[in-house]
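Read top to bottom, the protein sequences are chains A and B.
With the numbering used here, letter number 339 in the first sequence gets 1469, and the count goes up by one each step, no holes.
With the numbering used here, letter number 137 in the second sequence gets 144, and the count goes up by one each step, no holes.
No residue lacks a Cβ here, since even glycine has one placed at the ideal position from N, Cα and C.
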Amino acid sequence: MANTITRRELLKSVGYATGASVATLGHPAVLRAAAQPAKMGILVSLTGVHAIFGETMLHCAQYAQKEINDRGGIEGRKLDFVIEDDETDPKVGIEKARKLIKRDQVDVVVGSISSAMRNAVGSVTTKEKRVYLYPTYYEGGYCHDGVFITGAVPNQQVERFVPWIMENVGKTFYIAGSDYIWPRETSKVVRALVEKRGGSILGEEYFPWNTPDFSSLVNRVASTKPAVMYSLLIGSDSVTFLKQFHNFGLKKTTRICTSGVAEKEAAGLGEAGIGIVSSQSYFMSIDTPRNKEFVEGFRRMFPNEKLVDSIPEGMYNGVHVAALALAKAGSGDWSKLTKAVPGIRYKAPQGDIWMADNRHAALNSIIAEAYNEKGEFRIIKNFGVTPPQVNCFQ
Amino acid sequence: MLELGSLLTQFLNGATLVSVLILISIGLAIIFGVMGVINLAHGEFFILGAYTVIAADVLRLSAWWGIALAPVVVGLFGALVEVGIIRFLYRRPLETLLATWGLSIVIRQLVRIVFGVGYRASPHPLLGDVRVFGFTYPIYRVFLMAVCVAVIAITFYVFYRTDFGLKIRAITQDVEMASALAINTSRMYLSTFALGSALAGLAGALMTPEITVSPEAGVNFLARSFFVVILGGIGQLAGVLGGGIVVGELETLLSYLISATTAQAAVLVIAIIIIRFRPRGLFGG
């Protein structure tokens, strides 16, 4: 449980990578290309509120790195990481992205959680002409050269989920979300699907970060009596709200459906999480040999990691997709690598995925239900691969 | 929309938030009033209370044990902090600001090392409803309010009706005069800081079933408590009551009528207006 990446390890890996680049400076270019390891910049939140995801993301990336190097690296070149902590602060993210590209000269950058962080990092990578992979589910619409996304967009989380809810749970919805772009964009997709199928939205509201008390929302839900509470609150706000919802006894009449709860949030809910239905591209309990191999191997390497969920799995996939692209392109060269990523197929723990032409990944749509207080999910339905729909607006 | 049942529920929701806010803010207010220390680690003391309940659960003790032990554990921790850090910084508010801010980071990281970075949960001690004037309300929230009211009443009693309270009020008014009258100021400081910490720890333990338990969660309540103390009038216990009621009820009732984002902003605006016309707070001279 203790934080397994220490500052010393971190400094060591950073120091090793910079040392390597200095040592190879003297060689002629041809020789350097053959001898030099491929270098990936791993940018994650190891401190601040997103550390809860960042730590597991880093571990998933390191597990992917081990797999790649055990199989002989990328076309014979060893894969090296330069790890940086963005401190859950986009200003720091910008500095660290610059450092990774200019000083460490990484071939590709992988990482980040929030949309704010991705916009910050992406603004640097696109300008500096370095390929960047973003692993987290988000609102869609981010279309910039060289930024590829291995996390789900709203249509992949919602398109199959909402019809399933209306058939199996009910047709009256109440939507609540954190007050920022992902919940607002996702709820548009939910609303359109619900209204098209003759259902109704009884209420829709948004809450600022770190709201300590959601009892007024709970109260309103109690008086409108929807069949479905569609929660787009995220992180600690999601946990606080769902605990209070449970404490008021509303789970008896209203079912929680969400695309913002995965294993980590459910573990923080304990018994309050039981019965929540969630839609993600990955759950730890997927019953395939590929996923079992992933979960077991990962736990062998990091015995203290209890839960992997869709964001760290996206990170793991991001590292593998980046490695496949580097192998295809032969180097981190901008024009070659940006052309190499679309079309890449990868057998991920969630199932087969591929990179579509719109820079986003075709991912699996899976519905699962939390069934115990440890935050574990039982798969209800796996719809297989849904191609990403992206209307560029960012 | 505004039926009587949900209006009453909403009032009780506000009362729950108010009582917890007051319990946290009182600790902050007495520490500042007596010692002149602005404790930026107060939110972490609150979350340490919640982690005491988690630790009790890990040790297979019920949440009630956690709630009972939290003020003791956090109070002792507070005493340790006073002896180890605060003692060297009396009457230097800026330095204590920096020291307690640093302390808050240290506590967060310690919690991370011991309990992990993830969210933690423990079994709910008291699920179920109680009938209040014909409407149902969660019994735990009623219990929570009752405990807060009792503890707040005891604190007031101690401050205004006991020798200990008299000495503390003497120190608040004039330290030098108080020590000239043979009041052992450093012992009083120690007990004040431990008491303030214990109150925050109790609040955290009580709120465990209602909030997210993570190393970072203390900040949510710290900001609001500062707000309560400033609005009520610094150094005034009665001010904390007034500030807590204004902040808690306003936020809860407004967020029932308008969107939560607007409501939280509106509370801030109203508070700024109040401070503009009563710079020493609602109850300040």
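Item, Value
"Distance CB(G1333 (chain A))-CB(R1350 (chain A)) smaller than 8 Å", "yes"
"Distance CB(R231 (chain B))-CB(L28 (chain B)) smaller than 8 Å", "yes"
"Where the beta strand (DSSP E) through F284 (chain B) begins and ends", "Here F284 (chain B) belongs to no beta strand (DSSP E); instead the alpha helix (DSSP H) covers A267 to F284."
"Secondary structure of A230 (chain B), DSSP reduced to three states", "helix"
"Pairwise C-alpha distance: A245 (chain B) and V158 (chain B)", "14 Å"
"C1273 (chain A), DSSP secondary structure in three states", "coil"
"Whole-Å CB distance - S1409 (chain A) paired with I1497 (chain A), under 8 Å assumed", "5 Å"
"Burial state of M1170 (chain A) (16 or more Cβ within 10 Å)", "buried"
"Within 8 Å, strictly: CB atoms of P1442 (chain A) and M1187 (chain A)", "yes"
"CB of T1347 (chain A) within 8 Å of CB of G1390 (chain A), strictly", "Looking at the sequence shown, residue 1347 (chain A) is not Thr but Leu. No, they are not a contact pair."
"Close beta carbons around Y1193 (chain A), own chain, < 6 Å, minus the five adjacent residues each side", "F1428 and M1431"
"Boundaries of the beta strand (DSSP E) in which D170 (chain B) is found, first to last residue", "Counting along the chain, D170 (chain B) falls outside any beta strand (DSSP E), though it belongs to the alpha helix (DSSP H) covering D170 to Q180."
"Distance, V1212 (chain A) Cα to L1230 (chain A) Cα", "7 Å"
"For P1342 (chain A), the nearest candidate out of A:L1372, A:A1322 and A:N1447 (CA to CA)", "A:L1372"
"Proximity below 8 Å, CB of G255 (chain B) to CB of L289 (chain B)", "no"
"Contacts of S13 (chain B) in chain A (Cβ-Cβ under 8 Å)", "N1349, R1350, A1352 and S1353"
"Start-to-end residues for the beta strand (DSSP E) that takes in N1512 (chain A)", "F1507 to T1516"
"Candidates A:I1172, A:A1168 and A:P1167: closest to Y1446 (chain A) by CA position", "A:I1172"
"Exposed unless 16 or more other CB atoms sit within 10 angstroms - verdict on F18 (chain B)", "exposed"
"DSSP three-state assignment for P132 (chain B), whether helix, strand or coil", "coil"
"Best match in B:V124, B:I74, B:T103 and B:L15 for proximity to V220 (chain B) [C-alpha to C-alpha]", "B:V124"
"Three-state secondary structure (DSSP) of S1175 (chain A)", "coil"
"Within 8 Å, strictly: CB atoms of A1250 (chain A) and R1207 (chain A)", "no"
"Nonlocal neighbours in the same chain, by C-beta distance under 7 Å from G1156 (chain A), ignoring five residues either side", "Confidence is the limiting factor: at G1156 (chain A) the pLDDT is only 42, short of 50, which leaves the residue's position unreliable, though a coordinate-based value still follows. Result list for G1156 (chain A): empty, nothing under 7 Å."
"Coil, strand or helix - S1330 (chain A) by DSSP", "strand"
"Own chain partners of R99 (chain B) with C-beta closer than 7 Å, once the 5 adjacent residues on each side are dropped", "none"
"Residues of the segment 1328-1346 of chain A whose Cβ lies closer than 8 Å to any Cβ of chain B, in chain order", "E1335, Y1336, F1337, P1338, N1340, T1341, P1342, D1343, S1345 and S1346"
"Contact check, G1505 (chain A) vs L1437 (chain A), beta carbons under 8 Å", "yes"
"Cutoff 8 Å: V25 (chain B) Cβ touching any chain A Cβ", "no"
"Counted within 10 angstroms of its Cβ, other Cβ atoms place L188 (chain B) as buried (16 or more) or exposed", "exposed"
"is_contact[P130 (chain B), chain A] using C-beta, thresh 8 Å", "yes"
"R1420 (chain A) and P1479 (chain A) closer than 8 Å at C-beta", "yes"
"Own chain, CB closer than 8 Å to A1486 (chain A), minus 5 neighbours either side, in chain order", "P1472, A1492, P1517 and P1518"
"C-beta contact flag for G211 (chain B) and L83 (chain B) at 8 Å", "no"
"Same chain only: Cβ atoms within 8 Å of R119 (chain B), ignoring 5 sequence neighbours per side", "P222"
"Residues near F1378 (chain A) by beta carbon distance below 6 Å, same chain, minus five either side", "V1348"
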